[in-house]
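Visitor:
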Amino acid sequence: MDQDLVVRAQHDDQQAFQSLTVAHHARLYRVAYGILRDRHLAEDATQQAFLDIWRNLPTLEDPSRFSGWSYRILVRACYAEARRKPDWAREGDIGPSHVPAAPDEYDSVVDRDQLERGFRHLSVEHRTIIVLRCLLDLPMEQVAEALGIPEGTVGSRLSRAVKAMRAALEAESRTSTTISTTMRHEVSR
Amino acid sequence: MNDDRLLLEMRRWLQEERVALPDAEEAGRRIAAKLPTTRQRRRRWWRLPRLARTPRPSGTRDTTEYQPSPVPATNGHTPTAIGRTTSMLSPVKAITAGAVIFAISGAFLIAQPFGQQGRVPGAEAPAPLPPEPFSGIVHCGGQVAFGTSESLEFPMGEANMTVVSERGDTWRPSAPGMSDPRLQGNYAISFDTDAYYPPGVVDSLDVIGAGTWRIENDEGAWQGSYHIVGGAPVVVPLVGEGAYDGLTAIVESAFSESDCAWEWSGLIIDRGLPEYPEPPAE
Chain A
0 MDQDLVVRAQ
10 HDDQQAFQSL
20 TVAHHARLYR
30 VAYGILRDRH
40 LAEDATQQAF
50 LDIWRNLPTL
60 EDPSRFSGWS
70 YRILVRACYA
80 EARRKPDWAR
90 EGDIGPSHVP
100 AAPDEYDSVV
110 DRDQLERGFR
120 HLSVEHRTII
130 VLRCLLDLPM
140 EQVAEALGIP
150 EGTVGSRLSR
160 AVKAMRAALE
170 AESRTSTTIS
180 TTMRHEVSR
Chain B
0 MNDDRLLLEM
10 RRWLQEERVA
20 LPDAEEAGRR
30 IAAKLPTTRQ
40 RRRRWWRLPR
50 LARTPRPSGT
60 RDTTEYQPSP
70 VPATNGHTPT
80 AIGRTTSMLS
90 PVKAITAGAV
100 IFAISGAFLI
110 AQPFGQQGRV
120 PGAEAPAPLP
130 PEPFSGIVHC
140 GGQVAFGTSE
150 SLEFPMGEAN
160 MTVVSERGDT
170 WRPSAPGMSD
180 PRLQGNYAIS
190 FDTDAYYPPG
200 VVDSLDVIGA
210 GTWRIENDEG
220 AWQGSYHIVG
230 GAPVVVPLVG
240 EGAYDGLTAI
250 VESAFSESDC
260 AWEWSGLIID
270 RGLPEYPEPP
280 AE
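If you read the protein sequences in the order shown, they are chains A and B. The opening residue of the first sequence carries number 0 in numbering that gives the first Met the number 0; numbering runs sequentially from there. The opening residue of the second sequence carries number 0 in numbering that gives the first Met the number 0; numbering runs sequentially from there.
Right, dumping it as structure tokens:
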């Protein structure tokens, strides 16, 4: 079904592409939100990705590879969106797009908010490789394809991303400790 | 907590996170509304002269005898055949190419004694290699880098001319059957274009393109750039690197849109291209 839509859209069938958009929008938006952590930026990136997909679709040689290929275009759109808005890293909303899970659903060593704050300190490249690997569970080969880098580079970039995340979490932890100590001093005066 | 544990935590966090999704139908409508003004890329830059292998009538044996039948013109004038009407691999062309190669080789042989006057043979620079002809098919390959596409509108009469500039695309063709092993290896082509669309025209009128070929193998590499305007044929000088340092491959490249392949032929010469001459004196 999808392949039929892809082939028709490759031949300028706008109706087929609209159906393709509806079918794949949630999948791509989920990834864009995972990377950008902001629903407005994620919506813009997803829309731009679909327009880029439309523009480049005739160059896709194997319609069965549409899903993996579309990640690659989405990643580029997310990079562009991050560059377009310099303050994207620290901003971002935890508004209507983000529905907190019930507390008992999340029994973790690292707190969810800590992860969120630490993740926001990562570069867009590090966020992307973590999202592709952890959210989508893509194998290394497909991560390499989505990022347009050699397969051997995926492992080292992922390793650096995890180290950066660890450093961000430790920095967050130090900041929290300092703030709470300062507050205790203020209160005790 | 080690790296694997942290990865597990992040996997759990990302996968369990509940994200409110936008209305896909509404998003689809918004995107669809932009499609009429978003042109699909049609690889216009590949619209080089087709390898017009005109089918021969059955029973015709000698390709040199065959010419397309003139179609009687309605105005009584003798029609003029425009463009390529015979195979690129016809015996006539092969003989012509052979003669050209023989002439170039002869020129090198004649020039050699003058260039080596006073030298002890084999004691200094090695003798230049004779020119080596090559040929082969370069097949289209997958796109490995996706660039950008930007449109500019210029007022033209009551409408606009659109100029679409595409930059940063790269493909990986392959040429396993290239006759000269020095030109075998990993092929890549990057191509940028400016396509000019006059008002009301869907297909681009003119494409100005700039391409760069690169071939890499264990011994060295070749690289060369060229420009095209519309469907003009191209000659690409590939400059050798590594073991091919000092060599130049002069490639005549003709693209077939139907086969999605370039037919390459040319010479590998043991020298660079001649310098451009000075402008004529007044």
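Ideal placement from N, C-alpha and C gives every residue a C-beta, glycine not left out.
Strictly under 8 Å for the Cβ-Cβ distance: is I30 (chain B) near chain A by that measure?
Guide: Sequence index remark: in the second sequence, residue 30 (chain B) carries index 31 (1-based). So, interface residue.
Visitor: At a CB-CB cut-off below 9 Å, which residues of chain A make contact with D258 (chain B)?
Guide: Numbered from its first residue, the second sequence carries residue 258 (chain B) at position 259. Those within 9 Å of D258 (chain B) in chain A number zero; the least Cβ separation is about 14 Å.
Visitor: Taking the beta strand (DSSP E) that Q142 (chain B) falls in, what are its first and last residues?
Guide: Working through the second sequence from its first residue, we reach residue 142 (chain B) at position 143. Note, Q142 (chain B): beta strand (DSSP E), Q142 to A144.
Visitor: Name the two residues that bound the continuous alpha helix (DSSP H) containing T45 (chain A).
Guide: As a first step, residue 45 (chain A) is located in the first sequence; it is residue number 46 there, counting from the start. Where T45 (chain A) is concerned, the enclosing alpha helix (DSSP H) stretches over R38 to N55.
Visitor: When the Cα atoms are used, what is the spatial distance from L4 (chain A) to A31 (chain B)?
Guide: Taking the first residue of the first sequence as 1, we reach residue 4 (chain A) at position 5. Taking the first residue of the second sequence as 1, we reach residue 31 (chain B) at position 32. L4 (chain A) and A31 (chain B): Cα-Cα distance of roughly 14 Å.
Visitor: Would you tell me roughly how many angstroms separate the C-alpha atoms of G151 (chain A) and V142 (chain A), rounded to the nearest one?
Guide: Along the first sequence, one-based indexing puts residue 151 (chain A) at 152. Along the first sequence, one-based indexing puts residue 142 (chain A) at 143. The alpha-carbon atoms of G151 (chain A) and V142 (chain A) are separated by roughly 11 Å.
Visitor: Please go through the same chain and pick out, in chain order, the residues whose beta-carbon is closer than 6 Å to the beta-carbon of I34 (chain A), but skip the five residues on each side of it.
Guide: Start at 1 with the first residue of the first sequence, and residue 34 (chain A) comes out as number 35. Taken in chain order, the residues that qualify are C77, R126, T127 and V130.
Visitor: Please report whether the beta-carbon of Q14 (chain B) lies at a distance below 8 Å from any beta-carbon of chain A.
Guide: Residue mapping note: residue 14 (chain B) aligns to position 15 of the second sequence, counting from 1. Chain A contact via Cβ: present.
Visitor: Please list the partners that E24 (chain B) has in chain A, where partner means a Cβ-to-Cβ separation under 8 Å.
Guide: By 1-based counting over the second sequence, the position of residue 24 (chain B) is 25. Neighbours of E24 (chain B) on chain A, chain order: V21.
Visitor: Whose Cβ in chain A lies nearer than 7 Å to the Cβ of R10 (chain B)?
Guide: Position 11 of the second sequence, counted from the first residue, corresponds to residue 10 (chain B). Within chain A, the residues near R10 (chain B) are C133.
Visitor: Can you pull out the residues from the segment 6 to 39 of chain A whose beta carbon lies closer than 7 Å to at least one beta carbon of chain B?
Guide: Per Cβ criterion, the list reads D11, Q13, F16, Q17, T20, V21, H24, A25, Y28, R29, Y32 and G33.
Visitor: Determine whether the beta carbon atoms of D2 (chain B) and P127 (chain B) lie at a separation below 8 Å.
Guide: The residue labelled residue 2 (chain B) in the question sits at position 3 within the second sequence. The residue labelled residue 127 (chain B) in the question sits at position 128 within the second sequence. No, Cβ-Cβ distance for D2 (chain B) and P127 (chain B) is not below 8 Å.
Visitor: Is the CB-CB distance between G239 (chain B) and E215 (chain B) below 8 Å?
Guide: As a position in the second sequence, residue 239 (chain B) is number 240, starting the count at 1. As a position in the second sequence, residue 215 (chain B) is number 216, starting the count at 1. Contact flag unset, no.
Visitor: Excluding the five sequence neighbours on either side, which residues of its own chain have a C-beta within less than 7 Å of the C-beta of S252 (chain B), listed in chain order?
Guide: For this step, residue 252 (chain B) is matched to residue 253 along the second sequence. Only V233, V235, W261 and W263 meet the Cβ criterion.
Visitor: Please compile the residues from chain B whose C-beta is within a distance smaller than 9 Å of the C-beta of G147 (chain A).
Guide: Looking up residue 147 (chain A) in the first sequence gives position 148. The answer, in chain order, is V143, A144 and F145.
Visitor: Classify P120 (chain B) as buried or exposed, calling it buried when 16 or more other Cβ atoms lie within 10 Å of its own Cβ.
Guide: Position 121 of the second sequence, counting from 1, holds the residue named residue 120 (chain B). Residue placement at P120 (chain B) is flagged as unreliable, the pLDDT there being 49, under the threshold of 50; the coordinate-derived value follows with that caveat. Answer is exposed; the Cβ neighbour count stays below 16.
Visitor: Could you list which residues in chain A have their beta carbon closer than 7 Å to that of L34 (chain B), in chain order?
Guide: For the purposes of this step, residue 34 (chain B) is identified with residue 35 of the second sequence, where counting begins at 1. Simply Q13, F16 and W53.
Visitor: Starting from the beta carbon of Q46 (chain A), find every residue of chain B whose beta carbon is closer than 9 Å, and list them in chain order.
Guide: Residue 46 (chain A) sits at position 47 when you count from the first residue of the first sequence. By Cβ distance, chain B contributes A26, R29, I30 and K33.
Visitor: Looking only at its chain, what residues have a beta carbon closer than 6 Å to the beta carbon of I207 (chain B), apart from the 5 residues adjacent to it on each side?
Guide: As a first step, residue 207 (chain B) must be located in the second sequence, where it is residue number 208. Excluding positions up to five away in sequence, the list reads D193 and V228.
Visitor: For L34 (chain B) and W68 (chain A), which I take to be in contact (beta-carbon distance under 8 Å), what is that distance rounded to the nearest angstrom?
Guide: For the purposes of this step, residue 34 (chain B) is taken as the residue at position 35 of the second sequence. For the purposes of this step, residue 68 (chain A) is taken as the residue at position 69 of the first sequence. With 8 Å as the limit, L34 (chain B) and W68 (chain A) do not qualify as a contact, their Cβ atoms being about 18 Å apart.
Visitor: How many Å lie between V30 (chain A) and L134 (chain A) at the Cα?
Guide: The residue given as residue 30 (chain A) occupies position 31 in the first sequence. The residue given as residue 134 (chain A) occupies position 135 in the first sequence. So the alpha carbons of these two residues sit roughly 8 Å apart.
Visitor: Are the CB atoms of A242 (chain B) and E277 (chain B) nearer to each other than 8 Å?
Guide: Numbered from 1 along the second sequence, position 243 holds the residue referred to as residue 242 (chain B). Numbered from 1 along the second sequence, position 278 holds the residue referred to as residue 277 (chain B). Going by C-beta atoms, A242 (chain B) is not nearer than 8 Å to E277 (chain B).
Visitor: Please confirm whether A25 (chain A) and E80 (chain A) have their CB atoms less than 8 Å apart.
Guide: Translated into the one-based positions of the first sequence, residue 25 (chain A) becomes position 26. Translated into the one-based positions of the first sequence, residue 80 (chain A) becomes position 81. Cβ distance not < 8 Å, so A25 (chain A) and E80 (chain A) don't count as in contact.
Visitor: Hey, out of B:F145, B:A248 and B:G156, whose CA is closest to D51 (chain A)'s CA?
Guide: Start at 1 with the first residue of the first sequence, and residue 51 (chain A) comes out as number 52. Residue B:F145 is the option with its Cα nearest to D51 (chain A).
Visitor: With 9 Å as the limit, tell me which residues of the segment 153 to 174 of chain A have their beta carbon closer than that to any beta carbon of chain B; keep them in chain order.
Guide: Those would be L157, S158, V161, K162, M164, R165 and L168, in chain order.
Visitor: Let's test the definition: count the other Cβ atoms within 10 Å of the Cβ of P21 (chain B) and tell me whether it reaches 16, buried, or not, exposed.
Guide: Taking the second sequence and counting its residues from 1, one reaches residue 21 (chain B) at position 22. Looking at its Cβ environment, which holds 16 or more other Cβ atoms inside 10 Å, P21 (chain B) is buried.
Visitor: By DSSP, does A19 (chain B) sit in helix, in strand, or in coil?
Guide: As a working note, residue 19 (chain B) is residue 20 in the second sequence. Looking at A19 (chain B) - three-state DSSP - the assignment turns out to be coil, as it is neither helix nor strand.
Visitor: Could you tell me which residues DSSP puts in a beta bridge with P236 (chain B)?
Guide: As a position in the second sequence, residue 236 (chain B) is number 237, starting the count at 1. Its beta-bridge partners are B:I249.
Visitor: Strictly below 8 Å CB to CB, what residues from chain B border L56 (chain A)?
Guide: For the purposes of this step, residue 56 (chain A) is taken as the residue at position 57 of the first sequence. Chain B residues near L56 (chain A): Q39.
Visitor: Taking only beta-carbon atoms, is I128 (chain A) less than 8 Å away from chain B?
Guide: Working through the first sequence from its first residue, we reach residue 128 (chain A) at position 129. False, the Cβ-Cβ gap to chain B never drops below 8 Å.
Visitor: Step through the CB atoms of chain A and report whether any lies within less than 8 Å of the CB of V18 (chain B).
Guide: One-based indexing of the second sequence puts residue 18 (chain B) at position 19. Chain A, which has a Cβ nearer than 8 Å to the Cβ of V18 (chain B), makes this yes.
Visitor: Distance cutoff 8 Å, beta carbons only. Does S148 (chain B) sit that close to anything in chain A?
Guide: Walking along the second sequence from the start, residue 148 (chain B) turns up at place 149. Yes, because at least one Cβ of chain A sits closer than 8 Å to the Cβ of S148 (chain B).
Visitor: Any residues in the segment 170 to 188 of chain B with a beta carbon nearer than 7 Å to a beta carbon of chain E? Which ones, in chain order?
Guide: No chain E appears in this structure, whose protein chains are A and B.
Visitor: Whole angstroms is fine: what's the gap from V21 (chain A)'s alpha carbon to A167 (chain A)'s?
Guide: For the purposes of this step, residue 21 (chain A) is taken as the residue at position 22 of the first sequence. For the purposes of this step, residue 167 (chain A) is taken as the residue at position 168 of the first sequence. Computed Cα separation, rounded: 37 Å.
Visitor: Which value, in whole angstroms, describes the spacing of the CA atoms of V153 (chain A) and P154 (chain B)?
Guide: On the first sequence, position 154 is the one that residue 153 (chain A) refers to. On the second sequence, position 155 is the one that residue 154 (chain B) refers to. The straight-line gap from Cα to Cα measures roughly 47 Å.
Visitor: When you compare the CB of L151 (chain B) with every CB in chain A, is at least one pair closer than 8 Å?
Guide: As a first step, residue 151 (chain B) is located in the second sequence; it is residue number 152 there, counting from the start. Cβ-Cβ to chain A under 8 Å: no for L151 (chain B).
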